[in-house]
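Chemist: Before I ask anything, let me first share the structure, which is written out below as structure tokens.
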Amino acid sequence: MYAFLPRTLPERLSALTELALDLRWTWSHALDALWQTIGPKLWARSHNPCVILQNIPQNRLDELVSDSTFLQDLNRRGRRPCGSGKCRGHRNARRADRDRGKACAISGTN
Numbered sequence: 003m004y005a006f007l008p009r010t011l012p013e014r015l016s017a018l019t020e021l022a023l024d025l026r027w028t029w030s031h032a033l034d035a036l037w038q039t040i041g042p043k044l045w046a047r048s049h050n051p052c053v054i055l056q057n058i059p060q061n062r063l064d065e066l067v068s069d070s071t072f073l074q075d076l077n078r079r080g081r082r083p084c085g086s087g088k089c090r091g092h093r094n095a096r097r098a099d100r101d102r103g104k105a106c107a108i109s110g111t112n
């Protein structure tokens, strides 16, 4: 999928790859708690979602796939990474998608 994220995640966690590649995490800390939940020690050392996805043990991924609370949080945040859907990035993305006639990947709307 991505050269620098060679690991294949379980389908139910696939949104993590998109969130890690969305560079908003470099300035917006809305998802810090999500990444810290996945790997607290890795997050404390790196504060880098890509490092977490590359280094988190498979058994931890298996645990997360079975954690309904985590999956609900991931699904909610995956649709609106900033938490609101009202930020400038969302407005610009919706406008660009509307102009291209495509679904908005950020807000999850068609």
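Take the sequence shown: its letter number 12 is residue 14 in this note's numbering, and every next letter is one higher. Glycine included, each C-beta is placed from N, C-alpha and C at the ideal position.
1. Of the choices 39, 49 and 69, whose alpha-carbon is the least far from that of residue 30?
2. Measuring only the C-alpha atoms, how far is residue 46 from residue 63?
3. Does residue 25 pass the burial test, meaning 16 or more other C-beta atoms within 10 Å, or should it be called exposed?
4. State the DSSP-derived secondary structure class of residue 40, mapped to helix, strand or coil.
5. So, using beta-carbon positions, are residue 72 and residue 39 closer together than 8 Å?
6. Where does residue 27 fall in DSSP's three states?
7. Might you give, ordered along the chain, the residues of its own chain that have their beta carbon closer than 7 Å to the beta carbon of residue 53, omitting 5 neighbours on each side?
8. Which of the three DSSP states is assigned to residue 11 in this structure?
9. Going straight from the alpha carbon of residue 13 to that of residue 28, what length do you get?
Modeler: Let me lay it out:
1. 49
2. 18 Å
3. exposed
4. helix
5. yes
6. helix
7. 44
8. coil
9. 25 Å
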